[in-house]
Each structure stands twice: as structure tokens, then as C-alpha cells.
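Protein chains: 2
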Amino acid sequence: MKLSSVGELTLLEHIRRSFSRKSKNILAGIGDDAAVVKASDKSLLATTDMMIEGIHFDLDYVTPYQVGYKLVAVNLSDIYAMGGKPAFMLLDMAVNKNTDMNFINMLFSGINDALNRYNVYLIGGDVSASKNGTALSATVLGYAKKYIRRSGAHSGDRIYVSGCLGDSACGLELLKRIRRPVPMQTGDTIFRAPGSLKKLKMNLTWNTAGPLLRRHLLPEARDPGDFVRNATSMIDISDGLLMDLSRLCDESRVGARIYLEKVPLSFALRETASRLGISPIQLALSGGEDYELLFTAPAAKKVKAIYIGDILKSKRVIVDMAGKEKPFSAEGYQHFHE
Amino acid sequence: MKLSSVGELTLLEHIRRSFSRKSKNILAGIGDDAAVVKASDKSLLATTDMMIEGIHFDLDYVTPYQVGYKLVAVNLSDIYAMGGKPAFMLLDMAVNKNTDMNFINMLFSGINDALNRYNVYLIGGDVSASKNGTALSATVLGYAKKYIRRSGAHSGDRIYVSGCLGDSACGLELLKRIRRPVPMQTGDTIFRAPGSLKKLKMNLTWNTAGPLLRRHLLPEARDPGDFVRNATSMIDISDGLLMDLSRLCDESRVGARIYLEKVPLSFALRETASRLGISPIQLALSGGEDYELLFTAPAAKKVKAIYIGDILKSKRVIVDMAGKEKPFSAEGYQHFHE
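In order, the protein sequences belong to chains A and B. Under this note's numbering, the first residue of the first sequence is numbered 56, with each subsequent residue one higher. Under this note's numbering, the first residue of the second sequence is numbered 56, with each subsequent residue one higher.
As C-alpha cells, then:
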């Protein structure tokens, strides 16, 4: 059934029922002029991120479920990147009146699965018609006792990442070649999209390709956990290691040295990138949407993360496999570019 | 200069400079993964509202300045409607890469004027390219010691509004006939758009038409102030008196009786509507975007607002000028309708 026959008021009622999980901290949830939540003695964190059809996602390649899941994950990632715990979300959704309710329901299902996975509550939002495609925007609120800014890195600090890089970008490259949605959802233990991989004629198994596609289609936000104690600066890697490290360096007014050999690459990435004829390290350095955390900590502190380099006074260099230093600059996706 | 030659990073830097007002409550503002604000012992309020080009606004009729001003005002209105004080805003903006920086600057100027007027701080946001027109979304955070829901009205309570209704809808009717933007800004004491009114051949002066246009183009959010002490329920009138009163009645599970003769109409509205051949009371009942507050309070309490009717157990009626009761239902704009 199309939205135009459902109408705004019925849709709003449907939203209220779809996101009805209760919390004692929510004094007024969906359905009033504003949401009300209990006071907290911690600092309040707030972040917002959009997903625009045709810019951030293309429904020829991703399912509405995946769009919903990702919208939540990328917003939560920003709260985690400040050392916070996400708690509440507001959702804005502009959709064409000819949109089918199936689309809406699948989108909500992805949003709900992500909210439940991270124990975050939807407390409000806005719906509107759109002239063309779908525009989504989420705002997430969270709390932190100690928060970590991008600007706290000091010369001598070590640089860490929370996990393998480049997987998401490699998943995207696969998807571009599969050229249709791979309908994986978060509960799936085995990914199957009959024919999708065969079509590629690359002799890839789902055991290898699945996790890469998953990293792109259903990204997870990383909880910094213990890292918060020692981290001096932190950012999530949404636009590629070099781009986000450059941001951290800009804000901290420092330089950095990264060792290529230390940048963590998954087996699946090496395996797949080689078959695709793409440099895995290039994907790791400049590919976006890994949502791993990049942070710095004093060299003397013991940190259970992957050490990839050091903060310098001002120069920004990569040490290649041969031990040679090369300068790096911010490389990654920028909106509005021709 | 077009956005495509400016680029995302320069735009972000420009945003940071444009909204650089400092507050001791902001621990981390624009430019990190998330904003951080100091803890408060009051309840936290959060609301969000979108403005989509072609749906909420049409640049053939309004200026970018007015779009920006209104985006802030409508969001603040939702915080006031809960009895809260707005404090912080996040802004999402998706714009076409061919957009001129003049557009961006005028939009920001309207946003900034509204933020300053209400002493609210921009603490974060997101920018993105859009495929077609502009999509804006704002999230406002505020605080309340005592918050007022839509659901607290009781049979016997009196119904109040904070000011005249229908002005904004009448302003819109004028604008539809003027058929071009009226470039008024908030600092203007005299409104002038040479020829605009003459074209209408209605012998209207700017003294009459100006305030109506202003109510539509540059709406103000109403601070409930003292009303909060006695209000049992409250909502802001964004979609028309009957629609929003119906919402309040739905949530409170009550009925209402409204006296037509008590619904406040401005002199400018009566004067202009009669020349337009439109019923002023119809505009007041079903016209949207007045952003006056509609609230209820016990009959015994003295309230300095305009008394327009009473909460009943269940029936919903309007008493017309002849003293005759007629049932009313929710009338007003709904998204997605054919």
C-alpha cells in the first residue's frame, strides 16, 4: 500500500507502535511536541548525520533494511568516537508519497534492529513528503563522564586503530560488480544471494566475500570501552584513515607517522582485493565507512588496540614497506566535488 | 561562487566561523564527532523538524534568509510548547552542488538571526550534497524544570491561546497572489517591496499586509513564560487550531467546546481576508503556521491568555456566532495526501 493512501496521521501512529520500547529515563517519548528525558549528571553528547538517496545510498544496491541499520550505526559511531554511550535517537524522514509501506516497514526494521543492538531508544522525529527520493536524518544523544576530543593528541603519543581497515571499501567494490542488493540482515549467520558471486567469475566464496559486504552494508559502531581511560584524542574512521587522521592532526595541531606494515588488513580483504586487482592498502588508507576508532594515547600506557604509528610535532608521513617516508595528505570522499 | 568550487571542507570551515558564538555550557561545539554540553539538573527536551524544498518552501515565494529563520523558529516553538527553554541546535543541510554561496550565506544569516533572537547556540550538524533541491533538518535541545505534555487536559479545564490566529495563513494567501519573494528580514521596521501590493489591486497598505506576511515568512516562537505554572496541557499551533486541538484532545482523551466569537482575529486579518474574499474565521480555525501556543488550565486559575473554550468529557464542538453547537474534527494539512 502506498503512503498516499495511508496518510500522515496513520503513518505517525504506525511509527509510534513500531518504536514503542519503554525506558524509565524517557519521561515523554514519540508523540508530543518534544521528547523529554530525565536529567543526567554526565555531560550530554549530541550528533547528527544524514543519508540522502542518490548520494549516500542507491536502492539498486542496498535494501531499505540496510539503509535503516546503517543510519543508526553511523550516528552511534560519532557518540562512541567521543568516548560516550549513546542513549536516544530522533529520526527525520522525507519520503515520496508513492513510497510503498513495505519500504517503510523494512527501513524501520533495520532501524529497530540497530537501536536494539546498541540499546538506544527512538524518542522523536519528523516525517514529511519529499519531491523525489528519500532523505533521512538522525540525531543521537548520549552521555559521557569523560569525553575525548579530536584535539587532544600530543607529540610522542602512539596512534591506534580498533580493527581492520579497508573492508567496507572492498565490500563496496564487490557490490559495484554484483550490481544488485545483497539482502543480508543482521541476524543472518550465513549470507547467501544465489548467483551473486558466481556472476563475478572470481571464484570467491561467501565466507570471504560475506564479511566484506557486511562491513559495508551493515556497519557496526565500535564501543571504545577501556580505550577511553587512556585516549588523548579520538575520531571514528568514516572517510578513510588518511582523511580522518588528518582531521585529528588538524584539530590537535600535530603531525603523524604511520607505518604501512602496521595498518591492519583482514585476510578477506587481501584475498578479495587481489582478485579485484585493487591495492588492499589503498582501500585501507583512503576507503571510507569502516567506522573503526582511531585514537591516540601516551606511549607509556598499555592499550589493547592496534598500534599503527606515532604523533609527531608537525610532519605527516607514511613509512612504506621498504622503510621509506612519504608525506601524506587528506584523501577521501568530499561532498560537492565535480 | 558555486558550492562545487568551494568544496565540503571549506564549507565546513565557513560554517564553523559563521556560528562561532561561545557559551560556557558548550564543552565541545561544531567540529568534533559530537557536540558536548554540560550536565543540567533539569529534564532534557529534544525535538526535530524538517524543511524540504518544494514541500515546505518554494524559493519563488520566499528568500533563503526566511527559510533559515523559519527553520529555527518552528523547532524552538516545539520546545516552548513543552514548557521548556531552548538551548542548543544541530543543523542538517543537503544542498545541490550547483548552489551559490550567496544562497548559503543568506540561509545562515536567517538561521543566525533566529538563534541570536532566542539565545540558542548551534553546536553541530551535517552537510551533504543533494540530488535536487535543498533539504534542511534541525534538532533543538532544551531544558525544563516542569514540562507540559499534550495529555494533561481534564474536563472542566479552560482552553487558551497565546495570540491571534489565522494571520500566517492569510499572509500565505497574500504571498500566493504576489507571486514573488517579499524580502523582509527580522530587523526591518518598515516592510517594502515596491509594486508587490499595487499589483494586487486591493488597495492594501504595508501597515496591514506587512504584519500578515511577516507572520508567515518570519514566524516567532512563543515563550510560554508564566503559563507553565498553571498549564495542564499544551501544544503549539502549527497545523491549524482544529487540527492541533484535536491532537491535544486525542492525547488527553477528552472533548472540547470552542466559542467562535472568542477566537482572536487581528484587525489586519479581518481587513485583508474580506478583500481576498476569504473567511477570516476559516483561516483562524484551519490555517497553519501561527505557532501560537494552545493550552489548558484549571478554571479556577487566573491566566493572562485568551480564553477560547472549555475541555469537555468527550464531545468536540464549536459554538457559532448564533450560539449553535456544531461538531468539529481535525482539519489541516497532512503530508502524502493526493
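Every residue, glycine too, gets a C-beta built ideally from N, C-alpha and C.
Secondary structure of Asp133 (chain A) (DSSP, three-state): helix. Minimum Cα-Cα distance from Ser210 (chain A) among the listed residues A:Asp365, A:Val372, A:Val374, A:Phe391 corresponds to A:Asp365.
The alpha-carbon of Met289 (chain B) is positioned some 23 angstroms away from that of Leu146 (chain A). Here Arg371 (chain B) carries a strand assignment [DSSP, helix/strand/coil]. Phe112 (chain A) and Val122 (chain A) have their C-alpha atoms some 7 angstroms from each other. Listed along the chain, the chain B residues whose CB falls inside 8 angstroms of the CB of Phe163 (chain A) amount to none; the nearest CB is some 16 angstroms away. For Asp222 (chain B), the enclosing alpha helix (DSSP H) has its first and last residue at 222-233.
In the same chain as Arg312 (chain A), and ignoring 5 residues on each side of it, the C-beta atoms closer than 7 angstroms to its own belong to Gly364, Asp365, Leu367, Val372, Val374, in chain order. Among the bridge pairs identified by DSSP, Thr102 (chain B) is matched with B:Val195. The C-beta distance from Tyr198 (chain A) to Leu348 (chain A) rounds to 18 angstroms, too long to meet the 8 angstroms contact threshold.
Counting along the chain, Val216 (chain B) sits inside the beta strand (DSSP E) bounded by residues 213-216. Among the bridge pairs identified by DSSP, Pro141 (chain A) is matched with A:Gly197. Taking C-alpha positions only, Val195 (chain B) is separated from Glu326 (chain A) by approximately 47 angstroms.
In the DSSP secondary-structure assignment, Val237 (chain A) is not bridged to any residue. Taking each of A:Gly86, A:Thr154, A:Lys97 in turn and checking the Cα distance to Lys57 (chain A), the smallest one comes out for A:Thr154. By the beta-carbon neighbour count (other beta carbons within 10 angstroms, threshold 16), Gly280 (chain A) is exposed. Under the Cβ distance rule, Asn153 (chain A) does not count among the residues neighbouring chain B, no pair being separated by less than 7 angstroms. Distances from the alpha-carbon of Val175 (chain A) to those of A:Phe350, A:Met376, A:His390, A:Ala128 put A:Ala128 closest. Across the structure, Ala190 (chain A) and Asn151 (chain A) are spaced so that their CA atoms are roughly 9 angstroms apart. In the three-state scheme derived from DSSP, where H, G and I count as helix and E and B as strand, Asp181 (chain A) is classed as strand. Spanning the alpha carbons of Asp96 (chain A) and Lys97 (chain B) requires a straight line of approximately 10 angstroms. Listed in chain order, the positions of the segment 106-127 of chain A with a beta carbon within less than 8 angstroms of a beta carbon of chain B are Ile107, Glu108, Gly109, Ile110, His111.
Three or more pairs of CB atoms, one per stretch, sit closer than 8 angstroms, so the segment 132-146 of chain A contacts the segment 270-278 of chain A. Taking C-beta separations shorter than 7 angstroms and ignoring five residues to either side along the sequence, the partners of Leu66 (chain B) in its chain run Leu58, Val182, following chain order. Within chain B, the residues Glu63, Val182, Ser183, Ala184 have their CB atoms less than 7 angstroms from the CB of His390 (chain A), given in chain order. Assignment of Pro266 (chain A) by DSSP, reduced to helix, strand and coil, places it in the helix class. Taking 7 angstroms as the Cβ-Cβ cut-off, the segment 273-295 of chain B approaches chain A at Ile290, Asp291, given in chain order. The count of Cβ pairs closer than 8 angstroms, one atom from the segment 247-261 of chain A and one from the segment 340-360 of chain A, stays below three, leaving the stretches out of contact. Annotated three-state conformation of Ser78 (chain B) is coil, per DSSP.
The DSSP-derived three-state label of Val117 (chain B) is coil.
Its Cα nearest to that of Gly310 (chain B), the residue B:Arg213 stands out among B:Arg213, B:Ile233, B:Lys79, B:Ser293.
Between Leu267 (chain B) and Cys225 (chain B), the C-beta gap is smaller than 7 angstroms, which places the two residues in contact. Burial is judged here by how many other beta carbons sit within 10 angstroms of a residue's own beta carbon; Phe322 (chain A) has fewer than 16 and is exposed. When secondary structure is reduced to three states using DSSP, Ala377 (chain B) falls in the coil class, being assigned neither helix nor strand.
Residue burial is scored here from C-beta neighbours: Lys125 (chain A) has at least 16 other C-beta atoms within 10 angstroms and is therefore classed as buried. In the three-state scheme derived from DSSP, where H, G and I count as helix and E and B as strand, Asp305 (chain B) is classed as helix.
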